[in-house]
Amino acid sequence: MALSPQESPTSSEVVDLSAVVSPAAVSGAGEDAALRPATPSVCTPCCVCRGSAKAEGEGGNSAEALGFQLVQHFSLKTICIREWKCMQTGVRVLLCRIASPLCNLYATLPTEAHTDEGLPHTLEHLVFLGSRRFPYKGVLDFLANRCLSQGTNAWTATDHTTYTLTTAGSEGLLNLLPVYLDHLMIPTLHDNAFKTEVHHLTQNAGSAGVVYSEMEARERQASSVLYRKLVELVYPGDSGYRYETGGLMEQIRRTSNARVREYHKNFYKWSNLSLIVTGLVEATSLLDTVRRSIKQIEEAKTLPAPPALSACPELDAQIAKAVGPPEHGERPLAFSGERPWTDDRNVRLPASPSSPQSSSPAFHRVYFPADDAESGRVALAWRGPAWKDALGREVVDILGSYLSEGNVAPLQRELVQCDDPVCATVDFSSENFRETSFFLEAADVRLEGRRGGERESEKETRENACKKQKREEDKAEEERLAENRELEAVGKRIQEIIAREAEGPLDLARLRMLLRRELLQFYRALETNPHDTMAELLNEYIVNHRHAEDLQSFLNLAGVVNSLAEQPETFWRGELRRWFLNSSSAFPAGVACYPSTSLASKLHAEDQAREARLRESVGEAQLAKLAATVEEIKLQQKQPPPKDVLLSVPVASIDKVVLPDKAPLSNFDDPRDEEELREGTREERKEKGDAKRGGETTCQTGGEEAKKRGEDVLSRLPFPVQLDAQATEFVQIKLLSRIPENLSPHERRALLLLADLVFECDVLFPAALAEVLHVQPSCSPCSSAGSSSNAGECVASERQNAVDVAGYVRVSYEQLTRLVFEHATSSSAGLGFHAESGAGAGSASLMYDLFSLSITAPVDRYFQATALLFGVLCGLQIEAARVSVHLKRHLKQLVRKKRSAKFLVQQLETSLRYRRGAVPNSCGWGQQLATMKRMQKDLAHATQTLITVYRHLFQQLAFGVHIVADVAQLPAGWEKPWRDLQALLAARPMLLDLPLAGEKREKTESRLNEKTPDGETEKDKEPWGKKKKFAAIAKVLGVRPSACDNVFAEPETQSGRGKMQEEETRIACGIGSSDAGHVLVSVKGPVGYGEKNKDLAAIMVMAECCSMMEGLLFRTVRGAGFAYGCDFAYFPWQGQLTLRLSPATNPAAAVKAVVEEFRSRVQASTASGTRIFSDEEIVAGKCGTLFSIV
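Residue numbers for the sequence shown follow the UniProt record's numbering, so the first one is 1 and each next one is one higher.
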């Protein structure tokens, strides 16, 4: 049980590790633990404040004096939650007190639409372009940077629109809130702004605009095509849930700014607005700021509104007539109930089949454009319980997880984890609307009947390049599409598997384990991402609630879990039949989403024909006039606001931001200490330190002593360890191993597949670890391969573990998954510090030359978590059957990923910038695809390669340990497993049946004296420290900046790899599955974060000035309608600066505009001797940079 906020140590305290005693004994695992009731998570009155509404003097009386009525006050774990309602306007204010240096604002309005124009989305964009009191484009984001932020943002969901702001400290949030509310409630909504931000015709009658660019990149993606059809079937008729609130391109071209203004008038009302604020914000100050803002805005409404007319109204009318009115444009733009989404038309059920002949679902077919036809998607959809039915929704979620999550899940076992997998994964998801819905989707389903023909077709197309032949191929493809039923067959198999599960007894222990795991993952999210987690939950409440009491019952997941944990197996089987197999209803609804190589050319032809009609209807002269008008509007929008407006909001003070002092403990040297050792004698360093610290030395003596005792405990551990003390109920353990440089290119390409296998293979556990996990060996050995024919029987009988080696217990991969689910909330293996994994995941991320193993668990499962981690570290049994399954899965994922334009341009940039043998390239999409195909042809060699790579990783004195935990809650003897790990590593060669790096002494000495490419001997790189047991962790692991593998690398950073030529390279790549363009441009920059990089701060501020909201790039690219996203980022670790533009309607014009803007600013600065950026821009850039550091 967690300590109270008063009792729990803060992250800034230094805890004496030598005196740590566990507050609770480590509990045993198994069914009893799963049945233990969870501690209630919701507490009324608030246990954080230790009082009721009058806590901290910010309750009833002070709120009422400001015109706000307290609706409720309670706590969720350690988060204090209060809700007020403005008695005058109906505005709701929800304050979540979260201990964090960051403060967040989420301004939410339930928004409902019954057309595909995307009115909620277009309005969301136009809100940021000025208000009555601040009628200047971009002023809101510019002022946000002065408030220690990086601009504002927003999202439009199906049932609500939320505007966000994140600041360092509360001062900036309170300063900007009045300006933000001004933009929300009284925006200018100019017709001219609509042209550039939403949509306008180009001189060739094409389409452009920021909103249009965003939706152009999404509309024809497979996931979007599939989802639109699913919700159309689940929410039929005139339900608002079925419409694309982001907008479909055809309808965006037809809508108008007048309709946007009408939509704002009906939905952006005080009574429909809720303000969610998270962080350390004083309640009285917040309510007073809201009160004053409402008063100012209401006064401004009485003033005459500024003109919002178009610069060319006659031309606009002509174009509107040519394109036609939007579909369903006659429908009223208002909600018919008392609040949005209360009208029953939104939740009417589809008509049930009058005489259902079979339980099989009826499948609807949709298509998406693609360059290949190797794989598709299929999904089933159901209507679920009402949102207010928290217990029913949890039942459906747990059953969905039971069917699809983990390799022991029935759908994964029979469709993915088998000898002949038909798809890469089966995922469960749900929509928490007023009446919920849920889905099962099989992704990357192979299309065997078409794959061979497609390959031959592509080959002939490349060889002949004949338009006539292409037309014939398109016609042949249409015929194949009409005959193919492979996706439908997979959908029917999903339904058959569910029906078969409902016939026999369900695994009650696993159901209860999933319940406990979901609760723990919820608690973990409240710790690691509390702001967004609370915002997501509160948004559901704002949109769907009927009564204030709904919030507490909705958040009380522990109460729901306790209730369901007591239910028998018959209850769960009945619920499975009720929700997934009710043949009397119209569900499930099935959708098969097929790829089409001819659809892209068809859509392109339709676009060209539409543009030709518009050129004829509007006239080229008129289009040229429109283009000139748009350019004039862009020039006007690029003009900065008046200086007095830019200075109207004061710069927030960084000194008021309360930063946590995490005081990490470690048994390795601080790299800064090594720098000091080279700078002078101990006395000189002491004098410098005393002068720097002043009088702090004496007052910190006690803390230093505790820190010293704690580090003494760590010094007895045989590995480099860093322990971050944080207030948490969980423990996160991460092992980091340097990827050996002597791996062959083929072995490097196997790293991602190995990461996928780490928690997916059988494991030999030493008996001591097996005892910690309560795993009992059996006398009968079992096969670990697991074929598709007997996989179900094996899992149903709990596949007994076997003793393969004396003193070791073999655990099957299915049982390993059960153990991970039972004891941990998450586990991962991958590349870099953040363990990137998945097919084609290679990127130039931070420390990509590390291989990571990570596990997170409740602190009372600390010993079980270490046992699981040490088991996969030392005894992983990589076998051909498991390799085959995951090879096929990787290949399916790689085929899908090449359809993503954004992913491909990132991979192309990486392949150009980094050595071919570097990890980002070896694990990138191109090399991975070729390698996986070769591995599939020679499975035995592939398996041997993976074993070889595995044995080279995590050798003793070649990896580091990172632990995050509340030290006071760690169990007694927590360090013992790490001392025992030495013996486990010593036995590792026997388990792997391969020699490790335990060479003979004379060979070791010879190796240590050999010169390395950078001129040092291996003995020079020994891991022993000068102040502590180990040298700095970067030295122990041999971590180098990513820039060492970059073509921009300086000779001294290339580490003997040979000089790489820096060349200017340009590549353009076409892709049929996307209408939008994506651009990446990289240039050389200084390397590293240390003192050698004298320009680090200046370049960071310069990059922020360029890419901040309403900064140089924003106005040049997004403001002109060239692209939705634009960013200029500096990556010191990689030694490069990168410009990103995506998605873009006209990528070439966007790049040209950026280059011209950069050049003109530099030339003007050189000629006049002035700065490139104004003083106001530099201040805003500095504030944004400070925020990014916080």
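Note that beta-carbon positions come from the ideal geometry of N, C-alpha and C, so glycine has one too.
Here the structure is a predicted model, which is why all the values come from computation and not from measurement.
Asked, Found
"Who pairs with Q864 in a beta bridge, going by DSSP?", "Answer is none; Q864 lacks a bridge partner."
"Could you tell me which of N742, K1028 and L614 sits nearest to K321, measuring between CA atoms?", "L614"
"Tell me which residues share the same chain as F719 and place their Cβ nearer than 6 Å to its Cβ, disregarding the 5 neighbours each side in the sequence.", "V961"
"Alpha carbons only, please: which of A901, V919, A880 and K1026 is nearest the one belonging to G830?", "V919"
"What do you get for K860, buried or exposed, if any count of 16 or more other CB atoms within 10 angstroms of its CB means buried?", "Note on identity: in this sequence residue 860 is Asp, with Lys being the wrong assignment. Result: buried."
"By the 10 Å Cβ neighbour count, where 16 or more other Cβ atoms means buried, how is K295 classified, buried or exposed?", "exposed"
"Could you tell me the distance, in whole angstroms, from the CA atom of A770 to the CA atom of F954?", "21 Å"
"Apart from the five residues on each side of it in sequence, which residues of its chain come closer than 6 Å, Cβ to Cβ, to R345?", "D238"
"Between C43, Y402, S429 and R889, which has its C-alpha nearest Q552's C-alpha?", "C43"
"Indicate whether the contact test is met: 3 or more Cβ pairs, each with one atom in the region 301 to 309 and one in the region 117 to 137, closer than 8 Å.", "yes"
"Across which residues does DSSP place K1084 in a beta bridge pair?", "Q1136"
"Under a Cβ-count criterion, where at least 16 other Cβ atoms within 10 Å of its own Cβ denotes burial, should L1186 be classed as buried or exposed?", "buried"
"Do V139 and V645 count as a contact pair if the criterion is CB distance below 8 Å?", "yes"
"Is it right to say L181 is buried, meaning 16 or more other beta carbons lie within 10 angstroms of its own, or is it exposed?", "buried"
"With burial defined as no fewer than 16 other Cβ atoms inside 10 Å of the residue's Cβ, what is the status of N257: buried or exposed?", "buried"
"Just tell me which of G392, F267, S271 and V281 has its CA closest to the CA of A334.", "F267"
"By Cβ distance below 6 Å, which residues in the same chain neighbour S617 in space, the five residues on each side in sequence not counted?", "A322"
"Out of curiosity, what's the CA-to-CA distance linking I1160 and P641?", "It should be pointed out that residue 1160 corresponds to Ser in this sequence rather than to Ile. Approximately 20 Å, taken between the alpha carbons."
"Determine, using beta-carbon pairs with one atom in the region 87 to 103 and one in the region 525 to 544, whether at least three such pairs fall under 8 Å.", "yes"
"In or out: K688 buried (at least 16 other Cβ within 10 Å) or exposed?", "A caution first: K688 carries a pLDDT of 45, below 50, which makes its placement in the model too unreliable to give a value."
"For L76, does the three-state DSSP call read helix, strand or coil?", "strand"
"Report, in whole angstroms, the separation of the C-beta atoms of H160 and T115, which I expect to be a contact under 8 Å.", "So it is not a contact: roughly 17 Å between Cβ atoms."
"Taking V426 as the reference, which of K892, R899 and R573 has the closest Cα?", "K892"
"What separation, rounded to the nearest whole angstrom, lies between the Cα atoms of V809 and A767?", "6 Å"
"Between which two residues does the alpha helix (DSSP H) holding H890 run?", "A880 to K897"
"Thinking C-alpha only, which one of L538, I494 and L557 is nearest F522?", "L557"
"Please state whether DSSP places S1188 in a helix, a strand or coil.", "helix"
"Using a 10 Å radius around the Cβ and a threshold of 16 neighbouring Cβ atoms, would you call I276 buried or exposed?", "buried"
"Do you know offhand how far D1175's Cα is from P1132's?", "25 Å"
"What are the partner residues of Q877, as DSSP defines its beta bridges?", "D762"
"DSSP has A1167 in a bridge; who is on the other side?", "Answer is none; A1167 lacks a bridge partner."
"Would a C-beta distance cut-off of 8 Å place L1141 and A1123 closer than the cut-off?", "yes"
"Quick test of your reading: P361 and G209, contact by CB under 8 Å. State the CB separation rounded to the nearest angstrom.", "Not really, about 39 Å apart at Cβ, beyond 8 Å."
"Go through its chain and collect everything with a Cβ distance to G694's Cβ below 8 Å, but skip five positions before and after it.", "Caution applies to G694, whose pLDDT of 43 falls short of 50 and renders its modelled position unreliable; the value that the coordinates give is listed next. No residues qualify anywhere along the chain."
"If you reduce the DSSP assignment to three classes, tell me which class E814 lands in.", "helix"
"L581 by DSSP, collapsed to three states: which one?", "coil"
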